[in-house]
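Protein chains: 2
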Amino acid sequence: MSGSLVIAGLGPGAETMVTAQVQAALDAATDIIGYIPYVARVPDRAGLTKHASDNRVEIDRSNHALQLAAEGKRVVVVSSGDPGVFAMASAVFEALEAGPPQWRDLDIRVLPGITAMLAAAAALGAPLGHDFCAINLSDNLKPWALIEKRSGLAIEADFAIALYNPRSKSRPEGVERLLDLLHALCEPTRLISFARAVSTPDQVLNTVALKDATPEMADMRTVVLIGSSATRSIARPKGASFIYTPRSVSP
Amino acid sequence: MSGSLVIAGLGPGAETMVTAQVQAALDAATDIIGYIPYVARVPDRAGLTKHASDNRVEIDRSNHALQLAAEGKRVVVVSSGDPGVFAMASAVFEALEAGPPQWRDLDIRVLPGITAMLAAAAALGAPLGHDFCAINLSDNLKPWALIEKRSGLAIEADFAIALYNPRSKSRPEGVERLLDLLHALCEPTRLISFARAVSTPDQVLNTVALKDATPEMADMRTVVLIGSSATRSIARPKGASFIYTPRSVSP
Numbered sequence: 000m001s002g003s004l005v006i007a008g009l010g011p012g013a014e015t016m017v018t019a020q021v022q023a024a025l026d027a028a029t030d031i032i033g034y035i036p037y038v039a040r041v042p043d044r045a046g047l048t049k050h051a052s053d054n055r056v057e058i059d060r061s062n063h064a065l066q067l068a069a070e071g072k073r074v075v076v077v078s079s080g081d082p083g084v085f086a087m088a089s090a091v092f093e094a095l096e097a098g099p100p101q102w103r104d105l106d107i108r109v110l111p112g113i114t115a116m117l118a119a120a121a122a123l124g125a126p127l128g129h130d131f132c133a134i135n136l137s138d139n140l141k142p143w144a145l146i147e148k149r150s151g152l153a154i155e156a157d158f159a160i161a162l163y164n165p166r167s168k169s170r171p172e173g174v175e176r177l178l179d180l181l182h183a184l185c186e187p188t189r190l191i192s193f194a195r196a197v198s199t200p201d202q203v204l205n206t207v208a209l210k211d212a213t214p215e216m217a218d219m220r221t222v223v224l225i226g227s228s229a230t231r232s233i234a235r236p237k238g239a240s241f242i243y244t245p246r247s248v249s250p
Numbered sequence: 000m001s002g003s004l005v006i007a008g009l010g011p012g013a014e015t016m017v018t019a020q021v022q023a024a025l026d027a028a029t030d031i032i033g034y035i036p037y038v039a040r041v042p043d044r045a046g047l048t049k050h051a052s053d054n055r056v057e058i059d060r061s062n063h064a065l066q067l068a069a070e071g072k073r074v075v076v077v078s079s080g081d082p083g084v085f086a087m088a089s090a091v092f093e094a095l096e097a098g099p100p101q102w103r104d105l106d107i108r109v110l111p112g113i114t115a116m117l118a119a120a121a122a123l124g125a126p127l128g129h130d131f132c133a134i135n136l137s138d139n140l141k142p143w144a145l146i147e148k149r150s151g152l153a154i155e156a157d158f159a160i161a162l163y164n165p166r167s168k169s170r171p172e173g174v175e176r177l178l179d180l181l182h183a184l185c186e187p188t189r190l191i192s193f194a195r196a197v198s199t200p201d202q203v204l205n206t207v208a209l210k211d212a213t214p215e216m217a218d219m220r221t222v223v224l225i226g227s228s229a230t231r232s233i234a235r236p237k238g239a240s241f242i243y244t245p246r247s248v249s250p
């Protein structure tokens, strides 16, 4: 089999945040596969076939990509952000493990990208500048009780926390339930940032004290960054405050 | 003040993992500031002054960068990986907060980069494909008891865990102590990956069961990825196994 499969991260939206190695993979591809809005980011050209599919069909899409690669195509599966963070890479490996043994001979590579929480953190300052965790609120892929347990332990550990998919179609109430938990466990002045469509023309950054946070501040394009107990704000005479978490914790 | 300060992430090492926006900032800079090996990655050119400093002087370096920007220079502080993940961004904001008020008028931006754990994860497969956390073992910036508490809670939460700076100069015994904790809390077959100098010619990837892990598998250029209880390996007839964490957890 001479085909190949690349699982590539397109970053959060800005074309200037795409890495050169991802751009080279897109330029060399015969087939691009992914969720409709991500495939739309790749320009049409002669010799390129684009296969756009709806959300929530990740395993079908992965099987399709592996099959095309097995047929000799140069396939690129595109994800927003980083493919290894709540995106297509795990789905492809799930399909690979369950699929025909000969697929394991394929040339398969994952190319990282700028994931949403790191783009959001950069736009805000450095809220993830100390230990942190990332939790996916979406997908019907895990029980809510586990999300609640993990979030509670993350707060006990005093991590900064990035929440992906806070208001997914499948679990729109996630962010509301999570805020209830935060109200019970954190001080009301804890900083929480809602970063929407980071690096795109639609970007909106909104940082509030936990007591002022509402579920409507998040939508499907938002990543939520919850500060640790040490996360601080630096006011500026012009422009938004910087949000950052100091590197040090005193003994 | 017409100067500017960009805090830019150079990614883990490969030039093809630098984003276009970071490259543009480097090309426009009058002054580059950072730790010696990172500054060395930026080619010399007319009109560019490079200020390389040793490790562990992050606040001095930040003050220097802010002062140069206040004098009207176009300053870029370079970090390896992502500047917001255990790198220079938080240090700059600490210096900004403590410094003269007029610094807050400066044009300051953070440009994200590919952080080591995501480059390592991509090279291995998708070990961070479910909820995960990142913990810095280094720096004398926090007490060991806090690292131990956080790591224990992270294991209880069943996060995959990325460990940065597992064998820093200031705390070379960190990884050994962490392995002791893992032995006490995790099953002996838990997968643990040691990813050294990812994306450079010196890259070495080594995944073992926890029972076979030794402190010598990590050095100062290594990021350690500890799987969750669900992290799996896919054997291949040729080449290294893929390591991945499935997206789903059953109720």
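Sequences listed follow chains R and H, in order.
To convert, note that position 211 of the first sequence is 210 in numbering that gives the first Met the number 0; the numbers rise steadily by one, no gaps.
To convert, note that position 248 of the second sequence is 247 in numbering that gives the first Met the number 0; the numbers rise steadily by one, no gaps.
Positions of the beta carbon are idealized from the N, C-alpha and C atoms, including for glycine.
In this text the structure is predicted, and so the values were computed from the model without any measurement.
Status (buried if at least 16 other CB within 10 Å, exposed otherwise) for G33(R): buried
Residue from G83(H), T199(H), R149(H), P100(H) whose Cα sits closest to the Cα of R40(H): T199(H)
Per DSSP, cross-strand counterpart(s) of Y163(H): N135(H)
Minimum Cβ-Cβ distance from D59(H) to chain R less than 8 Å: no
G8(R) burial status per 10 Å Cβ neighbour count (16 or more: buried): buried
Limits of the beta strand (DSSP E) - the one that S192(H) falls within: 190–195
Rounded C-alpha distance that separates D179(R) from G151(R): 11 Å
Among Q202(R), V197(R), A229(R), nearest to E186(R) - alpha-carbon criterion: A229(R)
F193(H) to P36(H) span [Cα, whole Å]: 22 Å
Opposing strand residues paired with K49(R) [DSSP bridges]: I31(R)
Helix, strand or coil at V77(R) [DSSP, three-state]: strand
Beta-bridge pairing of R170(R) - partner residues as DSSP gives them: S167(R)
Pair within 8 Å by beta-carbon distance, F92(R) and A23(H): no
Residue nearest to Q202(R) in terms of C-alpha spacing, selected from R149(R), A121(R), I233(R): A121(R)
Within 8 Å, strictly: CB atoms of F85(R) and N139(R): no
Classification of K141(R) by the beta-carbon crowding that lies within 10 angstroms, buried from 16 upward: buried
Burial state of Q20(R), where buried means 16 or more other Cβ atoms lie within 10 Å: buried
Nearest-angstrom beta carbon gap, M87(R) and I154(R) [assumed within contact, 8 Å]: In fact, because the Cβ distance is near 30 Å, the residues do not count as touching under 8 Å.
Cβ of Y243(H) within 8 Å of any chain R Cβ: yes
Delimiting residues of the alpha helix (DSSP H) encompassing G8(R): Note, G8(R): premise wrong, no alpha helix (DSSP H); beta strand (DSSP E) at 3–8.
Backbone CA spacing between K168(H) and G2(H) [nearest angstrom]: 35 Å
Option in R55(R), R149(R), A118(R), V248(R) with minimal Cα separation from D81(H): A118(R)
Option in F241(R), S227(R), M16(R) with minimal Cα separation from I160(R): S227(R)
Per DSSP, cross-strand counterpart(s) of F241(H): I233(H)
Residue interval of the beta strand (DSSP E) (run including V41(R)): It is not in any beta strand (DSSP E) - V41(R) carries neither H nor E in the DSSP assignment.
Buried versus exposed call for T213(R) [16 or more other C-beta atoms within 10 Å across all chains shown]: exposed
A120(H): first and last residue of the uninterrupted alpha helix (DSSP H) it sits in: 115–123
Through-space distance from L209(R) to L209(H), alpha-carbon basis: 39 Å
R246(H) beta carbon less than 8 Å from that of G128(H): yes
Chain-ordered chain H contacts of G83(R) [CB-CB under 7 Å]: L117, A120, A121, A125, L127, G128
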